[in-house]
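Residue numbers (the numbering used here): 399 to 641.
Reading through the structure tokens given below for one structure.
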């Protein structure tokens with residue numbers, strides 16, 4: 399992983415890390431690839447392109463293996479390299495994709511408890527089925543907002559991704575709550591808007607993947623990612639100046 403490439407994701411260079419990168423390579427493109435290949439189809443599904451629907455149930459395998467397996471592998475490698483921010487981001491999104499995939503897998507019967515015909519739930523309210531997942535979406539949005547703040551020290555690509563995800567999860571939470579309230583038309587509009595936000599984030603991810611892959615083969619030119627680490631100094635930079 400070159401110095402220029404590491405700067406794109408705010409990875410400090412040390413001799414030990416350089417030795418590990420020479421052995422292991424750069425795991426960041428692997429994690430990004432797993433993320434965008436899970437996110438992009440879901441975004442298209444939410445926007446109902448070509449009549450798609452089902453909240454990604456038809457691509458549950460993608461969530462398991464691209465979003466889950468590949469991102470966990472990339473996260474472990476980032477952990478070994480000591481890249482805390484990227485390690486945490488990849489780990490949390492891997493957990494999200496695995497959680498979504500598990501919920502959508504019939505074997506786990508996640509929605510069985512919400513069946514109105516279940517004799518153990520007399521007088522059950524169907525809105526509970528939609529109220530509950532909205533809270534998860536709200537707090538996923540909060541997590542993405544924290545990442546957005548941290549990304550101010552990285553690059554514009556990451557900022558666009560985390561901003562889009564923050565907005566996307568917020569709209570999806572609104573989708574669930576409005577559906578629980580019986581406002582199907584408003585819920586559908588919010589779902590499409592949330593899907594559009596996720597699509598914007600996915601496109602930023604595709605661009606960042608291209609940047610990383612070009613750097614990996616020592617391409618004769620590099621594409622800009624909007625490096626912010628030079629503009630917004632860190633606490634260690636201030637300490638070095640004081641010394």
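The beta-carbon is built from N, C-alpha and C at its ideal position, and this holds for glycine as well.
For clarity, every value in this text was computed on a predicted model and none was experimentally measured.
query: According to DSSP, simplified to helix, strand and coil, what is residue 625?; result: strand
query: Relative to the C-alpha of residue 508, which residue among 528, 537, 474 and 572 is closest?; result: 528
query: Can you grab the Cα-Cα spacing for the pair residue 535 / residue 571, in whole Å?; result: 5 Å
query: Under a Cβ-count criterion, where at least 16 other Cβ atoms within 10 Å of its own Cβ denotes burial, should residue 443 be classed as buried or exposed?; result: buried
query: Less than 8 Å between the beta carbons of residue 422 and residue 596, yes or no?; result: no
query: What's the gap between the Cα of residue 582 and the Cα of residue 612?; result: 45 Å
query: By DSSP's criteria, residue 553 is part of a beta bridge. Which residues make up the other side?; result: 625
query: In whole angstroms, give me the CA-to-CA distance for residue 621 and residue 565.; result: 27 Å
query: If I'm right that residue 429 touches residue 488 with Cβ under 8 Å, what's the distance once you round it to whole angstroms?; result: 4 Å
query: Counting only the same chain and skipping the five closest in sequence on each side, list residues whose C-beta sits under 7 Å from that of residue 531.; result: 574
query: Are the Cβ atoms of residue 576 and residue 585 separated by less than 8 Å?; result: yes
query: Suppose you measure from the CA of residue 435 to the CA of residue 631; what does that come to, to the nearest Å?; result: 33 Å
query: Give me the Cα-Cα distance between residue 553 and residue 510, rounded to the nearest whole angstrom.; result: 43 Å
query: First and last residue of the alpha helix (DSSP H) that includes residue 495?; result: 482-502
query: At a threshold of 7 Å, does residue 630 count as lining the ligand ZN (C-beta to nearest heavy atom)?; result: The ligand ZN is not part of the structure shown, which contains no ligands of any sort.
query: What runs of the beta strand (DSSP E), each 3 residues or longer, lie entirely inside the region 424-473?; result: none
query: Could you please give the first and the last residue of the uninterrupted alpha helix (DSSP H) stretch that includes residue 583?; result: 582-614
query: So the candidates are 476, 497 and 627; which of them puts its Cα closest to the Cα of residue 465?; result: 497
query: Taking Cβ positions, are residue 559 and residue 602 nearer each other than 8 Å?; result: yes
query: Only counting the same chain, and skipping five residues up and downstream in sequence, which positions put a Cβ closer than 7 Å to that of residue 520?; result: A caution first: residue 520 carries a pLDDT of 44, below 50, which makes its placement in the model unreliable, though a value can still be read off. Same-chain partners within the cutoff: there are none.
query: For residue 604, which residues of its own chain have a beta-carbon under 6 Å away from its beta-carbon, when the five flanking residues on both sides are left out?; result: 434
query: Classify residue 634 as helix, strand or coil using the three-state DSSP reduction.; result: helix
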